[in-house]
Ligand SMILES: Nc1ncnc2c1ncn2[C@@H]1O[C@H](COP(=O)(O)OP(=O)(O)OP(=O)(O)O)[C@@H](O)[C@H]1O
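Residue numbers (UniProt numbering): 1 to 264.
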């Protein structure tokens, strides 16, 4: 479905210094798959998300979407491609316009892609809000009247409203408290079952990624250093030393790992 070939992104800082944020990344996302990306801060996860979502140009390499190279798409072809790959960020607050009601925010992509006439919009927005566990009455509210977890649900509703084939989640639960985080992860699991959408799920927290992804790619200094086929069966001897270091940093994962070792 989506294939990254030798994807490289280098930032040029004022003064001439180069920052190699992505270094020859190769990665394949299969249809329906939720692929996890983990790595410590600065390893290049957000850069990868922005490049895949075409929010930043890549320095070199290719992004193949359904076998077509989309790195150099322009104009209407790019606009249509944007629709297929949606990005959900960590800080939903930064995406909302403070004076735009939630309903207007949800209308935007539907109008933009002419997915339905205006007269059906109110009912559709109500359905979308319900789908992510919110009341249709929320459509009349402003962003500052919603909690972080509710805003993240609105972001998710907006991302799925235009039926993308891939959603890139960049730390979607990191700004939330543990209970809201858990509820969002449950919502994502049920949306995955309902829609069959594919996803790239980025987090610094292996325990979170484990809940929604089978395969996980591990990033370090802009490279993929390890790909774990089954996030729920981590076999230490088969892991890259850096992956083991990440696991050691997460106590809950340690427990799961011990359990999988003892139970074969
Ligand atoms: N716009 C930019 N200009 C210059 N350097 C950047 C820019 N964005 C990211 N970088 C650098 O690229 C590298 C990768 O950053 P990135 O934000 O992708 O990592 P990350 O794994 O997402 O980290 P975090 O989890 O802290 O967000 C870092 O060295 C960062 O300083």
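Beta carbons are placed, not taken as given, at the ideal position from N, Cα and C, and that holds for glycine. The structure displayed is predicted, hence computed values, not measured ones.
Where residue i sits in the DSSP three-state scheme
i	result
residue 23	strand
residue 253	No answer about residue 253 holds up, because its pLDDT of 46 lies below 50 and its placement is not dependable.
residue 162	coil
residue 77	helix
residue 153	helix
residue 258	With a pLDDT of 49 at residue 258, under the threshold of 50, the modelled position of that residue is not reliable, and the figure given next carries that caveat. In this structure, residue 258 counts as helix in the three-state DSSP scheme.
residue 219	strand
Residue range of the unbroken alpha helix (DSSP H) whose run includes residue i
i	result
residue 110	102–112
residue 128	121–131
residue 35	Unbroken run through residue 35 is the beta strand (DSSP E), 34–38; no alpha helix (DSSP H).
residue 182	178–195
residue 244	241–248
residue 99	First-last for residue 99: undefined, no H or E at that position.
residue 46	45–52
residue 229	Unbroken run through residue 229: none, as it is neither H nor E.
Counted within 10 angstroms of its Cβ, other Cβ atoms place residue i as buried (16 or more) or exposed
i	result
residue 193	exposed
residue 170	buried
residue 45	buried
residue 50	buried
residue 12	exposed
residue 287	No answer is possible for residue 287: the residues shown for the chain start at 1 and end at 264.
residue 163	exposed
residue 172	buried
residue 94	exposed
residue 249	exposed
residue 2	buried
residue 31	exposed
residue 53	buried
Host beta strand (DSSP E) of residue i (start-end)
i	result
residue 11	2–12
residue 86	85–88
residue 64	60–65
- Task: Collect the residues with a C-beta less than 5 Å away from any heavy atom of ligand 1 and give them in sequence order along the chain.
- Result: That query returns the following residues: 11, 19, 21, 41, 42, 43, 44, 45, 46, 47.
- Inter-stretch contact at 8 Å, needing at least 3 Cβ pairs: the segment 190–210 / the segment 9–24: no
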